[in-house]
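A.B. asks: Line by line, the protein sequences give chains A and B.
Residue numbering for the first sequence follows my numbering, starting at 1 and increasing by one per position.
Residue numbering for the second sequence follows my numbering, starting at 1001 and increasing by one per position.
Protein chains: 2
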Amino acid sequence: MLDLAILGILHEAPMHGYELRKQLALKIGPMRAAISYGSLYPTLRRLQSSGWITEAGESSADDEAVPPLTSRRGRVVYKITAEGKERFQELLAQTGPETYDDPGFGVHFAFFARTDADIRLRILEGRRRKVEERREGLRDVLARAAERVDAYTLELQRHGLDAAEREVRWLEELIANERSGRPPSQRATDPETSAVQPGHEEEPPGQTPRRM
Amino acid sequence: MLDLAILGILHEAPMHGYELRKQLALKIGPMRAAISYGSLYPTLRRLQSSGWITEAGESSADDEAVPPLTSRRGRVVYKITAEGKERFQELLAQTGPETYDDPGFGVHFAFFARTDADIRLRILEGRRRKVEERREGLRDVLARAAERVDAYTLELQRHGLDAAEREVRWLEELIANERSGRPPSQRATDPETSAVQPGHEEEPPGQTPRRM
DNA sequence: CTACGGATGTATCGCGCCGATACATCGGCG
DNA sequence: CGCCGATGTATCGGCGCGATACATCCGTAG
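(1) Beta-carbon within less than 6 Å of B/K1027's beta-carbon, same chain only, minus the 5 sequence neighbours each way: which residues are those?
(2) Examine chain B for any beta-carbon lying closer than 9 Å to the beta-carbon of A/Y37, and answer yes or no.
(3) Quick check: the Cα distance between A/M153 and B/L1024, rounded to an integer number of angstroms?
(4) Report the three-state DSSP secondary structure of A/T81 (helix, strand or coil).
(5) DSSP three-state call for A/T99: helix, strand or coil?
(6) Does the beta carbon of B/P1068 come closer than 9 Å to any beta carbon on chain A?
(7) For chain A, check one thing: does any of its Cβ atoms lie closer than 9 Å to the Cβ of B/K1085?
(8) Let's test the definition: count the other Cβ atoms within 10 Å of the Cβ of B/R1021 and tell me whether it reaches 16, buried, or not, exposed.
(9) Looking only at C-alpha atoms, which of A/R169, A/E178, A/L171 sits nearest to A/D118?
(10) Does the separation of the CB atoms of B/H1011 and B/K1085 fall below 9 Å?
(11) Can you tell me whether DSSP reads B/I1053 as helix, strand or coil?
(12) Let's test the definition: count the other Cβ atoms within 10 Å of the Cβ of B/G1104 and tell me whether it reaches 16, buried, or not, exposed.
(13) For B/Q1157, report the span of its alpha helix (DSSP H) as first-last.
(14) Tell me, please, which residues DSSP counts as bridged to B/H1016.
(15) Taking only the alpha-carbon atoms, compute the straight-line gap between A/L138 and B/A1082 and give it to the nearest angstrom.
(16) Please tell me whether A/G38 and A/R75 are closer than 9 Å, where the distance is taken between their beta carbons.
(17) Just checking my contact of A/R135 with A/E155 at CB under 8 Å: how many whole Å lie between their CB atoms?
(18) When the Cα atoms are used, what is the spatial distance from A/L40 to A/D162?
(19) Do you know offhand how far B/A1013's Cα is from B/R1087's?
(20) Any residues in the stretch 91 to 106 of chain A with a beta carbon nearer than 7 Å to a beta carbon of chain B? Which ones, in chain order?
(21) I'd like the list of long-range same chain contacts for B/L1092, defined as Cβ closer than 6 Å, with 5 residues on each side in sequence excluded.
(22) For a test of the three-state rule: what should DSSP assign to A/I35, helix, strand or coil?
(23) Return no unless some Cβ of chain B is closer than 9 Å to the Cβ of A/A33.
(24) Under a three-way DSSP split, which group does A/D3 fall into?
(25) Once you ignore the five residues that flank A/V141 on each side, which residues in its own chain have a CB closer than 8 Å to its CB?
(26) Based on Cα-Cα distance, which residue from B/D1102, B/I1080, B/Q1089, B/R1127 lies nearest to B/A1113?
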């Protein structure tokens, strides 16, 4: 999972660890908290020993011969290899585990711009299936347990159900967009510029206008 | 984190591992996927060796003397100890780490019925602070990066922001309810389900009815 | 002018939790 | 009668986290 994210970032530009982490936070930040160095550096080493990435020494060739007084540790710039790019495509196509709170989905989605259309669709539908299952589970629990559990637990389940329903709707929208072969949303952050391509058939119910 | 959840469930009734896991899924399911046995059993052992729980042998006293042919492994029923109850209260009061995707919050919330009012408030406000920080971060990114990243990444960030805004509003509501000293939600998703009797200790009735 | 703190930068250690896997029993249904 | 799914306990490898350590650079407050 981290492998995919790192290869994806390095696919855009060579980078050293610290910068890599910041880019990672921007890319997958919406789904996962920033990854820790305790994962990053070991993973980088693993990727390197697998041959997916290499060190692209950043030395400006003037003081590298001096392993100086305090064991100087210059920044280490990594770049992706050809095998790494293959590996990246391979990882892109793999669906994560069957659990609901799979952070892998967010990472996959973040790299959709570099993913084939059919794979995009497969990932989105897989995710939808999972969230739907979860939604159904929560509905059952809520319907059956309304009398047996305390009000706080109930409220938590209600909130979870709401989030699940909302995500399913979001996914439906994205899937519909994918099927009609156009990039995701000319949607606007400011409400008045929302020119969302009128004159398209189907989608009578949808069109959740992204407002609060 | 699992410690808290397990102690909380066992606080209600003695139970064996398999059943425990199912109850756990009902309780904290809305926030986390079902926990795995690879966590559950080692944790149970740890809790036991710490003295928070004990084995309450389930044998109906008729065939326990026969360690029979195939090394029979009867179900092991655990129950919470007095020290375990103290530990539970101690864990309840602790705020989790400062990261956004802290699953600890959900677990804490699930046991709010057994949590002191001031602690409830502290947990809710802590959570709100975290989600607000995340929300601000995403707003900045979205405002600044609208031109620089691809449409998919943008969409992901938008969805994350939406979820964060929604959770903040949810938390505001809960906090307001807490402050006015009444249990969460006499809310009616369906009008007829309003007879939710929490039936728990304390909580003097202020009962100024309020809808969400 | 200096020292102080904050950003940049690399790295390790312990451990919580996950997913896969193994193995055993029991009840029901074809 | 035999198969299968639910019940039930358990281990193993490994990923990722949080804490921690340490070193450099730079702006600025004293």
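All C-beta atoms in this analysis are idealised placements derived from N, C-alpha and C, irrespective of residue type, glycine included.
C.D. replies: Short version:
(1) A1110
(2) no
(3) Reading off the sequence, residue 153 of chain A comes out as Thr, not Met. Cα to Cα, the separation comes out at about 12 Å.
(4) coil
(5) coil
(6) Summary for B/P1068: the model assigns pLDDT 43, below 50, so the residue's position carries little reliability; its value from the coordinates is reported in the next sentence. Judged by the 9 Å Cβ criterion, B/P1068 is not in contact with chain A.
(7) no
(8) buried
(9) A/E178
(10) yes
(11) strand
(12) buried
(13) 1151 to 1179
(14) B/V1077
(15) 33 Å
(16) no
(17) Not a contact, Cβ separation roughly 17 Å.
(18) 34 Å
(19) 17 Å
(20) T99, Y100, D101, G106
(21) T1115
(22) coil
(23) yes
(24) helix
(25) Q157
(26) B/Q1089
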